[in-house]
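In what follows, a single structure is set out as structure tokens and then discussed.
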Amino acid sequence: MFPSPLGSVQQLYIGLFDTGILRVALFESLERIGIGFLLALLIGGLLGVLLGVSKLADETLGSLVIALQSVPSIVWLPIALILFQGGGGAILFVVVLGATWPMTMNMRMGMKNVQPILMRAAKTMGYSGSELVWRVMIPAAIPNVLTGARLAWAFGWRALMAAELIGRGGLGRTLMDARDFYNMDLVVSIMIIIAVIGLLVEYFIFSKIERRVLSRWGLSTAS
Amino acid sequence: MFPSPLGSVQQLYIGLFDTGILRVALFESLERIGIGFLLALLIGGLLGVLLGVSKLADETLGSLVIALQSVPSIVWLPIALILFQGGGGAILFVVVLGATWPMTMNMRMGMKNVQPILMRAAKTMGYSGSELVWRVMIPAAIPNVLTGARLAWAFGWRALMAAELIGRGGLGRTLMDARDFYNMDLVVSIMIIIAVIGLLVEYFIFSKIERRVLSRWGLSTAS
Amino acid sequence: GSDEEGDSAGAAGSGDAVEIGYFPNLDHAAGIVGKEKGYFEEEMAADVDFLNFPNGNDFIEALDTGVIDMGYVGPGPAINYYLAGGDIVVIGAAANGATLIVSREDSGIETLEDFSGKSFCTPGNGCTHNVQLEMMLKDKGMETNRLGGEVEHQSRVNPASMVSMFEQGQIDAAAAPEPWGTLLVEEHNANVVTEWNDVFLGEELASVVVVTTNEFLEENPEEVESALRAHKRAVDYTAENEEDTLETVNDLLYSLTQTRLPENVLEEAWTRMEVTTETHGEALQDWADASYELEFMDDDPDLDGFVDTEILDGITSE
Amino acid sequence: MSHVIIDHVEKTFPGGKNAQPFTVFEDISLSVDAGEFVSLLGPSGCGKSTLLNIVAGLDTASEGSVSINNTQVTGPGADRGVVFQEAALMPWMNVKQNVEFALKKQHSKKEASARAEEYLKLVHLSRFLDSYPHELSGGMKQRVSIARALSMDPEVLLMDEPFGALDEQTRMMLHKEVQYIWEKTNKTILFVTHNIRESILLSDRIVLMGTRPGGIRKIFDVPLARPRDPSSEEFTALEHEIMSILEKEIEKVMREEMGDDFRSKKAGLLYNSNSNMGDHI
Amino acid sequence: MSHVIIDHVEKTFPGGKNAQPFTVFEDISLSVDAGEFVSLLGPSGCGKSTLLNIVAGLDTASEGSVSINNTQVTGPGADRGVVFQEAALMPWMNVKQNVEFALKKQHSKKEASARAEEYLKLVHLSRFLDSYPHELSGGMKQRVSIARALSMDPEVLLMDEPFGALDEQTRMMLHKEVQYIWEKTNKTILFVTHNIRESILLSDRIVLMGTRPGGIRKIFDVPLARPRDPSSEEFTALEHEIMSILEKEIEKVMREEMGDDFRSKKAGLLYNSNSNMGDHI
Ligand SMILES: Nc1ncnc2c1ncn2[C@@H]1O[C@H](COP(=O)(O)OP(=O)(O)OP(=O)(O)O)[C@@H](O)[C@H]1O
Ligand SMILES: Nc1ncnc2c1ncn2[C@@H]1O[C@H](COP(=O)(O)OP(=O)(O)OP(=O)(O)O)[C@@H](O)[C@H]1O
Ligand SMILES: [Mg+2]
Ligand SMILES: [Mg+2]
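Chains as they are written, first to last, in this note's numbering: chain V, 1 to 223; chain P, 224 to 446; chain W, 447 to 764; chain D, 765 to 1045; chain H, 1046 to 1326.
See the structure below:
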């Protein structure tokens, strides 16, 4: 019952070019992960800034976020269904819940990690409040933000796969169907798709940005 | 089907002090998350160091890790069951898979974020190789590691809840059973337990360490 | 929901369409045939949309939140939901039977008596099959470890995983739904411990029921009736066209999972269930009582008002 | 008209769990007139940077207050330009962007660009507009930070050892530049330095600070006409006077530090106050 | 016996996508004897730190090679102690731990502790053993970093403007200390400074570097007997000679920088080479 490499590739081919179920599911999932990821970056970024900047927010809102984020996607799902009346929004909600947290925490630490002297310098130049955040703290936090984005991407996928159980298509659903009918080759071929997309995003987005950031920050020679 | 606050508290009380099912499940889960979390810190830490230090490892092993980490716990579960012959090891495996990744990525970025001048200084004092990593890079990465640990904790719980589906007890199992019988009050009372544990760990461990680290690093006055 | 949740249906992307849920599985053949042959479209005035679900829980959640209006589901989740105060009503049956007790080839289990000290698995905790097997064990004076007994029970083993657990020798027996029980027997040399019709409540107990919410039923009685007409047509079709039914089911499976179940397995499994509209309400009550007896439920179950086959009875007696 | 008024200021750092609170200085009062050039001199760690930071509004005084133009200082602002002891450049901006960053609040984009180039030319960095801070030498970073503060054209300039990392030629060139700007725009300048000659050369008054307990030891007027001649008699006399007080300050620290060792053989060899000590530099 | 041999060394930074490669200096050759004290002087950005880093093994030369005791330098090592231009202290270690950190490789825990305290006393920081770097003033950080390098007792000391942020008294005290240590332990010292007097006061030879193109302009022997008297005639003569060459160097840079502006009115006002320019400091 162990999946075979050949069988997986075959299933991949069939799913993409013959029956097309993988192709259709892929596009559905891509749309969701795309929107969910961007939303997570946005929300997580804002939340992280808030928690990093305001001690009060960190101690109140921060605790709430901490308390809620250990809760698994499968528990969120019914809640999301109620909140969103079963619409596609429910899936997005769960994806965002999964992906936001790493972004939030990394942005938060990025805020706290800014060298105090840079903040002081900017303040003497008349920067304050949101401008300080926007022009100094966020740029300084970019290396952390990158890690946050990478994690958001991975955990967004994980949450998406769980959320797509609700039966509105997508790779997650196909994955579960394949598992339920013991088509392990198809399971593996979906894992291959996710992995390949992950690698593409890594090579064409994350690592490119990272290399540029690290070299500009003067950190690339660190090791 | 909406849970009631009173009902949830009642279920919590019954589960903890009357039937004791929550108490038993809690201890089972705590043991798993405890071991899984520590393993994730260890493995993620080591892996992060490796990826942060070695470009080769980053480009080979790193890609593999990236490829695999988007795969959700529910997909790992059957694989883990096969690998671990259905033993408790399977649950641990899934928990570690969920928790390791954020630790790895944060440790990795921590390594890359070390101020080059500190590395250079240590090198002139005769430090090199693993000592350099251990005595300079890891301490310098502590703020990042903290974020990694926090995320590992949260995602460890998430993975645990999914992994405990296999029916070897624990809160995840109770959660699912409660869902199956539409005892939403019990579901909420389990969420309360997870949240409270999260808050306790946050207040008594993470935030204490963070406050100490930030003030020692001279970062606490950043905002 | 329909009227006041009209925009929820809209959010689901299909305007005022009636959403029908089903599982891609053999005992849902009636629903699958009805969908594939277009019976529902033909009979119903409103547009129809079909959503398939991987398990009962997700189905019930969808029903609870108004994502679907009616559909095919196992009786276990429906009863549990009903007892938890949910708005659900059984308006007919789709299949009865379909539970097989099997044991691993060299597990040493030939009869129920051999279960002592062995382990078995079921898809859910307190699911239909679980209660059936445990009830039979109870008759033989055995209990599971859940109740401090001598038989080890592992729940939440998804039917497909049973295959690998059997292969690896991790588990000795299973109370399996069809077609998985048959698959284990045909492809993995499992022993049949108890045939489907000898199982507790055996032929009587529904394996799939047709459900809707009271709210939907009251607001759309005509649509429900039309749907049941389509259902009836589908059931009749399956009875007369076994080969085509099996092919339709297998095609659907392929379109979802790119895999087909072996034909001999499907054929064999088909004999272990009865596709019918006949709803045995008392069997459902008996099952719920057994579940209570086995301490899966905290309160004595009362299924009054759970089953309402008036409309379907009207259609079948036409 | 007094421009900057430092009124009975004390700074105490709270100290951690096991550390005691640490009072850097107490009861510092100083008023600086508009257009005045005042230097702060004193041994390392006496609180010069701390005082400057309080005036800048970056630190808060534990006691007392600072006011500028009769308005109490409650926070930093672009009316006071600061050259920090460290260069404090944003690592993600290149040289030109770093200077422009300080100008964006007051100038249009085009103006900021032109101004940034002008002031970077002044500190001889025209060739390095596109370089990032980590590609610069120590002195170059300091020059960027000087260009940044000067280009902002603030009413009050707070400069913390701005020329510390510069070679003597560049330093002299910048002395002239700062003097030229100061005379032309009538800025109020608070200038921290370790270099006694530099302070005499540039300032109207020199504030000598001491440590343990920290505070102002003496304030010297520099009545010499500009441009000043470091080889003139008055110049040298003032230099010697300041030097001798500073010497006493540091000797006190040394004595505390060395305890009984202070008169030991090695210490004696090291710390004999030979006659030309004052002229070394 | 030559101790440190710098052999036809060139350093070129590769430059990024849109930046051209940048050659800091080319063809630098210098051999330093065992026990010799050599100073590097030169305008900001001429490559002094870069050269020191190459000798330290922290940077690699683009051309040529450096050898120490006839062994080619391939990386950093504890045989060469470095005082960096920035303090380079580990932020998570307190003052004492920072010094101990440098000693742990060679000394037992107890020895390291005693040695750290000894050298921190030397730089007057006994009271701040438990302070963290961010709680120190600029000069104090620099003193920790000096104590750290000295305490390591390396064969070769590479010091990059070690006394730049120190007041004159502390600086003089440390001059004596370094000289005392140097004489007693016969160290080879490469010393970067901007202070011409400091270099004459301390060194056996002074290497004058220039920029555009970067390289060694001239090497001065300092034949004066120690202790040296800065007011002596030979001292002043040497000072003036070095100053005049340096002046030419910086004027060249200025001319390039200012282009046609160089002779303009403002520039004329700023950069007139008045007669006492050489004596300023
Ligand atoms: N955050 C802090 N916590 C505790 N003590 C501090 C802190 N910041 C500064 N100090 C102490 O305040 C004193 C004055 O520091 P300051 O930086 O003002 O000195 P300075 O006069 O500028 O010295 P230098 O000439 O070396 O730059 C020092 O003894 C330092 O240890
Ligand atoms: N990573 C780098 N990339 C490009 N150029 C660099 C880099 N590092 C240094 N440089 C250039 O090398 C030259 C020499 O720098 P270096 O730090 O050696 O100067 P320096 O003589 O020590 O000057 P200072 O007295 O100001 O400290 C500078 O012009 C600088 O711009
Ligand atoms: Mg200072
Ligand atoms: Mg330098």
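Note that CB positions come from ideal geometry on N, CA and C, so glycine has one too.
For W:Phe662, the enclosing alpha helix (DSSP H) has its first and last residue at Asn660 to Glu665. Contact between W:Gly467 and W:Leu758 does not hold, since their C-beta atoms are separated by about 18 Å, which reaches or exceeds 8 Å.
With respect to chain W, the C-beta atom of P:Gln308 has a partner C-beta closer than 9 Å. P:Gly349 is positioned such that its CB atom lies closer than 9 Å to that of H:Ala1123. At the C-beta level, W:Ala619 and W:Lys584 stay beyond 9 Å of one another.
Every alpha helix (DSSP H) of 4 residues or more that sits fully in the segment 904–957 of chain D is shown, in chain order, as 932–949. Here the distance from the Cβ of D:Asp917 to the nearest heavy atom of ligand 3 is not below 8 Å. Interface criterion not met: the Cβ of H:Phe1280 is under 9 Å from no Cβ in chain P. Within the segment 350–363 of chain P, no residue places its CB atom closer than 7 Å to a CB of chain V. By the Cβ test, the segment 885–905 of chain D is in contact with the segment 848–863 of chain D, since at least three Cβ pairs between them sit closer than 8 Å. Per DSSP, reduced to three states, the secondary structure at H:Gln1151 is coil, with no helix or strand assignment. Sequence-distant Cβ neighbours of W:Met743 in its own chain, meaning closer than 6 Å and more than five residues away, are Ser737. Residues of the segment 596–607 of chain W with a C-beta atom less than 9 Å from some C-beta of chain V are Asn604, Pro605, Ala606 and Ser607, listed in chain order. Sequence-distant Cβ neighbours of P:Phe240 in its own chain, meaning closer than 8 Å and more than five residues away, are Arg246. In terms of CA proximity to P:Leu284, V:Leu199 leads the group V:Gly89, V:Leu199, V:Val213 and V:Phe155.
In the displayed model, W:Ala620 falls within a strand according to three-state DSSP. No Cβ of chain P is located within less than 9 Å of the beta carbon of H:Asn1115. A residue is listed when its beta-carbon falls short of 7 Å from at least one non-hydrogen atom of ligand 3; in chain order these are D:Lys812, D:Ser813, D:Gln849, D:Asp924, D:Glu925, D:Val956, H:Ser1182, H:Gly1183 and H:Gly1184. A distance below 7 Å between beta-carbons, with the five flanking residues on each side excluded, links W:Ser549 to the following residues of its chain, in chain order: Ile555, Asp618, Ala619, Ala636, Asn637 and Val639.
Runs of the alpha helix (DSSP H) lying entirely within the segment 1134–1183 of chain H, each at least 4 residues long, are 1140–1148 and 1154–1167 in chain order. 9 Å or more divides the Cβ of V:Ala40 from the Cβ of V:Leu50. Between the segment 1269–1280 of chain H and the segment 1097–1108 of chain H, the count of Cβ pairs shorter than 8 Å is below three; the stretches do not touch.
Listed by position along chain D, the residues whose Cβ is nearer than 8 Å to that of H:Met1299 are His888 and Met937. Counting along the chain, W:Val721 sits inside the beta strand (DSSP E) bounded by residues Met719 to Val721. Straight-line spacing of the CA atoms in D:Lys812 and D:Gly806 works out to 7 Å.
For W:Asp750, the closest alpha carbon among the candidates W:Leu707, W:Gln600, W:Asp533 and W:Met582 is that of W:Asp533.
By the rule that beta-carbons nearer than 9 Å mark a contact, W:Thr717 does not touch chain V. With respect to chain V, the C-beta atom of D:Gln906 has no partner C-beta closer than 9 Å. Relative to the Cα of P:Trp324, the nearest Cα in the group P:Gln233, P:Tyr426, P:Trp380 and P:Gly371 belongs to P:Gly371. As the crow flies, the alpha-carbon of P:Gly267 is around 24 Å from that of V:Phe37. Any Cβ of chain D closer than 9 Å to the Cβ of H:Ser1158 would place that residue at the interface, and such an atom is absent. DSSP lists D:Ile980 as the beta-bridge partner residues of D:Met973. Excluding the 5 residues flanking it on each side, W:Thr762 has same chain C-beta neighbours closer than 8 Å at Lys678 and Thr723, in chain order.
A direct Cα-to-Cα measurement between W:Gly520 and W:Gln616 gives close to 27 Å. With a threshold of 16 other beta carbon atoms within 10 Å, W:Val654 meets it and is buried. A distance criterion of 8 Å places the beta-carbon of D:His888 beyond contact range of ligand 2, judged by its closest non-hydrogen atom.
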